[in-house]
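Asker:
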Amino acid sequence: MMTTQTRHINPYIVGRPIYDRESFFGRRKLFRFIEDNLKQNTQVVLLHGQRRIGKSSVLMQIPNFVGLGEFVFIYFDLHDKTRLPLDSILQNLASTIADKLNIPQSESLSLNYKTVFSDEFLPQVIEVLKEQKRKMVWLLDEFDVLNDQTPDSPVESFFPYLETLIGQYNNLFIIPVIGRRVEDLTNLKSLFRQAVNQEIGLLEKSDAKALITEPAAHYLNYDSQAIDAILELSSGHPYFTQVICNALFLQAEEEDKSEITCDDVTKIVDDAIETAEGGLAWFRDGLPIPERVVFSAVAQAEKMAEKKNNSVTEEPLKLLREYGVIITEALNKAPENLVQWEFLERVENSEFHYKIKVKLVRYWLVKRYPLRQAIWDLEKVDLDACRLFELAEEIADNRNLSTSYIYEQISQINPNYFTVLFKLAEDYLDTKNYQQALEKYNRAYKVDPTRAYEGYELTRGKKYRIWWNKNRLTLALLSVFLLTISVTINLFQLSQVQTQLKEKKARLAELKELKEENARLTKQVKELKPTRTNLIWRSESNLTQITNLHQICFGNTNLNSVQTVFGSNKPPFRGYIKISSSKTGRCDVGDTFNGSFDLSGSSGHCVGDVTITWQNNNNAFIEWNITNLGSACPVDSKRWQVNTYPAVG
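For the sequence shown, the residue numbers in full-length UniProt numbering are 1 to 649.
(1) Taking the alpha-carbon positions, what's the G590 to L162 distance?
(2) Check whether the stretch 167-182 and the stretch 31-46 touch, using three or more Cβ-Cβ pairs below 8 Å as the test.
(3) Mind checking K135: buried by the 16 CB within 10 Å criterion, or exposed?
(4) Rounded C-beta distance between P290 and P316? I'm assuming under 8 Å.
(5) Among the residues of its own chain, which have a CB less than 6 Å from the CB of S296, if the five just before and after it don't count?
(6) Could you check the C-alpha separation between R443 and D427 for me, to the nearest Å?
(7) Looking only at its own chain, which residues have a Cβ that is under 7 Å from the Cβ of F24, when we skip the five neighbours before and after it?
(8) Once you ignore the five residues that flank P11 on each side, which residues in its own chain have a CB closer than 6 Å to its CB?
(9) If you draw a straight line from the alpha carbon of N558 to that of F143, how long is it in whole angstroms?
(10) In terms of DSSP beta bridges, what is T592 paired with?
(11) Just confirm the distance between the C-beta atoms of T313 and V347, as a whole number of angstroms; I'd bet it's less than 8 Å.
(12) On the three-pair Cβ rule with 8 Å, is the stretch 404-415 touching the stretch 373-389?
(13) Just the Cα atoms here: how many angstroms apart are L388 and T403?
(14) In the DSSP assignment, the alpha helix (DSSP H) including R16 goes from what residue to what residue?
(15) DSSP beta-bridge partners for A647?
(16) So L139 and F73 are supposed to be a Cβ contact under 8 Å. How far apart are they, rounded?
(17) With a Cβ-Cβ cutoff of 8 Å, do S157 and L90 count as a contact?
(18) Return the chain-ordered list of same chain residues with a C-beta closer than 6 Å to the C-beta of P238, the five sequence neighbours on each side being excluded.
(19) Assuming D20 and L78 are in contact, meaning their beta carbons sit under 8 Å apart, how far apart are those beta carbons, in whole angstroms?
(20) Nearest to I9 by alpha carbon, out of D588, N569, S95 and L38?
(21) Where I356 and K308 are concerned, what is the direct C-alpha to C-alpha distance, given to the nearest angstrom?
(22) Where F554 and L629 are concerned, what is the direct C-alpha to C-alpha distance, given to the nearest angstrom?
(23) What's the C-alpha gap between L331 and L338?
(24) Run through the DSSP bridge pairs and tell me what A620 is partnered with.
(25) Which word fits F343, buried or exposed, when buried means at least 16 other C-beta atoms lie within 10 angstroms of its C-beta?
(26) Taking all protein chains shown into account, do 16 or more other C-beta atoms lie within 10 angstroms of the C-beta of F117, making it buried, or fewer, making it exposed?
(27) Would you mind sorting Q300 into buried or exposed? The rule is 16 or more other CB atoms within 10 Å of its CB.
(28) Please list the segments of the alpha helix (DSSP H) lying wholly inside the stretch 245-307, counting only runs of 4 or more residues, in order along the chain.
(29) In the DSSP assignment, the beta strand (DSSP E) including T564 goes from what residue to what residue?
(30) How close, in whole Å, do the beta carbons of I546 and T644 come, if the pair is a contact with beta carbons under 8 Å?
(31) Using a Cβ-Cβ cut-off of 8 Å (strictly less than) and excluding sequence neighbours within five positions of N542, which residues of its own chain qualify?
(32) Output the distance between the C-alpha atoms of V635 and Q340, rounded to the nearest integer angstrom.
(33) Report buried or exposed for P123, applying the criterion of at least 16 other Cβ atoms within 10 angstroms of its Cβ.
(34) R7: which of Y219, G15 and R574 sits nearest, CA to CA?
(35) Judging by CA-CA distance, which residue of C633, F593, E70 and R586 is the nearest neighbour of R574?
(36) Considering only DSSP beta bridges, list what G639 is partnered with.
Following this line, the structure appears as structure tokens:
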């Protein structure tokens, strides 16, 4: 029993790399692959995998499982070095190597440190290792962040320099870790053309079971159905497995129990999603926009099939068409890309039906990114279309001129720019071009029935009246004939009316549901009016509090009332956040704000960079990056993530 007298530390690690060998499970085949290639003198072994799959943990565990005594492993994280010149990167690397091998580092302050590194420092290191009969292996974490720099960036020279070193020293090895496929990293292709590569994928079932049961084996017992339920939710993804078990541990502690059942797993799904919110958002944000939209479409299709108790899900592209989306080449390729990247898998015996590999991710997508919301991201796929739209809005505001021509051009560039679709429908209605207006409103109604309903009904009525006026004389001449078949016509009209009534009832039922949802969202928006000054944004655990965070949407760049805790049992820090650039009217989903923070507490002083990502008026995601970790800032990790929600103070 987990009684109050026998409280245990939660052994499930969420959101940070695993350093301890005893807390790490699985990946033995991967370690054998690495060791075999190193012993065969393969100088570059590339590891790749999707976000949150445990790449950093694997890299840190290589010294514990590969070639003990035969290799010297140098772990070097490139994540925070993207803006450094090459000389600074090499000086940092040299310092790391010198500390590891306990050898003196060159004190040269030469402006051309890369020459010092390759001609003086590295030969010294190689000579020391030769005497010890050992080889040096660089473990390069977050290697692909350097690929994102501009062509004239100083780190651009790092790749050819590294390639030169590998060619110069045959007893130098590197194991880079990347979060994308090699073919997507244009700057790295030459370096990796001779490399062997291995994916860091989902855990094997036996390893996933060990990850579930062994960390808490002395005080928690998982029955077989509970283990199966966890694996069904996580599919052996180590991050999501840890998240689920973390939530189960907390629940067991709260309920003072030691037996975990399938019902317990069902009860903690929402808690697990809450805990994993930051990782889930990062998981999705790493995808291109077309893949994000298809991801939500598959989640919606699975939800619909589950609701109907149907084993066959709808095709995601077909579902997108039903939501008014025009299928572009990028959208057409997206399902196959997601299969290759192991976010989706095909339903058995089906070419165009899919399901999301990690069920917990599917639940989160349906909850946070429903399809009707997700499709609006397609407006951002083409920057030229976005710039043209800004131009059209400027013309409309300043010159009172027609912008329909520009809107049509935007639709040609990006047919899924839905804001333009609605504006064109309104413009055609205003200029009495009812045929074109009805065509636009027909599609707009699929995109957003609530917004399009009034214009759709008005356009249909106008078009009918024009037809009546044009044909009045003809109808008068045919009145005698019509009288003879009036019964038939009346029956036909009655049938039409009945059909229209059925359609309208169906639309009204859908509209009622959407209006109720809209009323709920409107109420939430009203609660966040900029005139309110007593709004405090809190994390779920209430360990982070920021007063009036929403004011960054209305021109404020200073948040002076900030309080947070970095880690459990740590002292609170208080201070301010300064945003480099705020919005001046409102925030949209996906808006990102960068800035700095300065927080002080009784045990130290923390400063660094902060990124705030606006999810919606009920959710802002904050990433802290501490730059002075150490005695001045006595916390466990330099990177922290938290979700905040508004509440009246």
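Beta carbons: idealized from backbone N, C-alpha and C, even for Gly.
On a predicted model such as this, the values are computed, not experimentally measured, just so you know.
Answerer: So, from the listed chains and residues:
(1) On the sequence shown, position 590 is the one that residue 590 refers to. On the sequence shown, position 162 is the one that residue 162 refers to. Rounded to the nearest angstrom, the two C-alpha atoms are 36 Å apart.
(2) yes
(3) For the purposes of this step, residue 135 is taken as the residue at position 135 of the sequence shown. Under this definition K135 is a buried residue.
(4) Residue mapping note: residue 290 aligns to position 290 of the sequence shown, counting from 1. Residue mapping note: residue 316 aligns to position 316 of the sequence shown, counting from 1. Their Cβ separation, rounded to whole angstroms, is 11 Å, which puts P290 and P316 out of contact at 8 Å.
(5) Working through the sequence shown from its first residue, we reach residue 296 at position 296. Answer for S296: L365, Y369, L371 and A374, listed in chain order.
(6) Your numbering for residue 443 matches position 443 in the sequence shown. Your numbering for residue 427 matches position 427 in the sequence shown. Taking the straight line joining both Cα atoms gives about 15 Å.
(7) Translated into the one-based positions of the sequence shown, residue 24 becomes position 24. The residues are I18, S57 and Q61.
(8) Residue numbering aside, residue 11 sits at position 11 when the sequence shown is read from its first letter. Excluding positions up to five away in sequence, the list reads P215 and A216.
(9) For the purposes of this step, residue 558 is identified with residue 558 of the sequence shown, where counting begins at 1. For the purposes of this step, residue 143 is identified with residue 143 of the sequence shown, where counting begins at 1. Going from the Cα of N558 to the Cα of F143 covers about 34 Å.
(10) Numbered from its first residue, the sequence shown carries residue 592 at position 592. T592 is bridged to T613.
(11) If you number the sequence shown from 1, residue 313 lands on position 313. If you number the sequence shown from 1, residue 347 lands on position 347. Their Cβ separation, rounded to whole angstroms, is 6 Å, which keeps T313 and V347 in contact under 8 Å.
(12) yes
(13) Taking the sequence shown and counting its residues from 1, the one referred to as residue 388 is at position 388. Taking the sequence shown and counting its residues from 1, the one referred to as residue 403 is at position 403. Going from the Cα of L388 to the Cα of T403 covers about 10 Å.
(14) Taking the first residue of the sequence shown as 1, we reach residue 16 at position 16. Segment: none, R16 is in no alpha helix (DSSP H) and carries neither H nor E.
(15) For this step, residue 647 is matched to residue 647 along the sequence shown. A647 is bridged to I536.
(16) For the purposes of this step, residue 139 is identified with residue 139 of the sequence shown, where counting begins at 1. For the purposes of this step, residue 73 is identified with residue 73 of the sequence shown, where counting begins at 1. Right, the Cβ-Cβ distance comes to about 6 Å (below 8 Å), so this counts as a contact.
(17) Sequence index remark: in the sequence shown, residue 157 carries index 157 (1-based). Sequence index remark: in the sequence shown, residue 90 carries index 90 (1-based). No, the Cβ-Cβ distance between S157 and L90 is not below 8 Å.
(18) Your numbering for residue 238 matches position 238 in the sequence shown. Result list for P238: G54 and L203, in chain order.
(19) For the purposes of this step, residue 20 is identified with residue 20 of the sequence shown, where counting begins at 1. For the purposes of this step, residue 78 is identified with residue 78 of the sequence shown, where counting begins at 1. Actually they do not touch by this definition, with Cβ atoms about 23 Å apart.
(20) As a first step, residue 9 must be located in the sequence shown, where it is residue number 9. That would be N569, whose Cα lies nearest to the Cα of I9.
(21) Numbered from its first residue, the sequence shown carries residue 356 at position 356. Numbered from its first residue, the sequence shown carries residue 308 at position 308. Cα to Cα, the separation comes out at about 18 Å.
(22) Working through the sequence shown from its first residue, we reach residue 554 at position 554. Working through the sequence shown from its first residue, we reach residue 629 at position 629. One C-alpha to the other measures close to 32 Å.
(23) If you number the sequence shown from 1, residue 331 lands on position 331. If you number the sequence shown from 1, residue 338 lands on position 338. Distance between the alpha carbons of L331 and L338: 11 Å.
(24) Counted from its first residue, the sequence shown places residue 620 at position 620. Note: A620 sits in a beta bridge opposite W614 and T644.
(25) In the sequence shown, counting from the first residue as 1, residue 343 sits at position 343. Buried is the call here.
(26) As a position in the sequence shown, residue 117 is number 117, starting the count at 1. Answer is buried; the Cβ neighbour count reaches 16.
(27) The sequence position of residue 300 within the sequence shown is 300, counting from 1. Buried, by the Cβ-count rule.
(28) 262-267, 269-275, 277-285 and 289-307, all fully within the stretch 245-307.
(29) Translated into positions along the sequence shown, residue 564 becomes position 564. Unbroken beta strand (DSSP E) run through T564: N558 to T564.
(30) For the purposes of this step, residue 546 is taken as residue 546 along the sequence shown, with counting starting at 1. For the purposes of this step, residue 644 is taken as residue 644 along the sequence shown, with counting starting at 1. Indeed they touch by this definition, with Cβ atoms about 6 Å apart.
(31) For the purposes of this step, residue 542 is identified with residue 542 of the sequence shown, where counting begins at 1. Once the five neighbours on either side are set aside, N542 has no close Cβ partner at all.
(32) Position 635 of the sequence shown, counted from the first residue, corresponds to residue 635. Position 340 of the sequence shown, counted from the first residue, corresponds to residue 340. Distance from the CA of V635 to the CA of Q340, rounded to the nearest whole angstrom, comes to 39 Å.
(33) The residue you call residue 123 lines up with position 123 of the sequence shown. That one is exposed.
(34) Numbered from 1 along the sequence shown, position 7 holds the residue referred to as residue 7. Nearest option by C-alpha distance: Y219.
(35) Along the sequence shown, read from residue 1 onward, the residue named residue 574 stands at position 574. Here the closest residue by C-alpha is C633.
(36) By 1-based counting over the sequence shown, the position of residue 639 is 639. Here residue 639 turns out to be Arg, not Gly, going by the sequence shown. DSSP output for R639 lists N625 as bridge partner(s).
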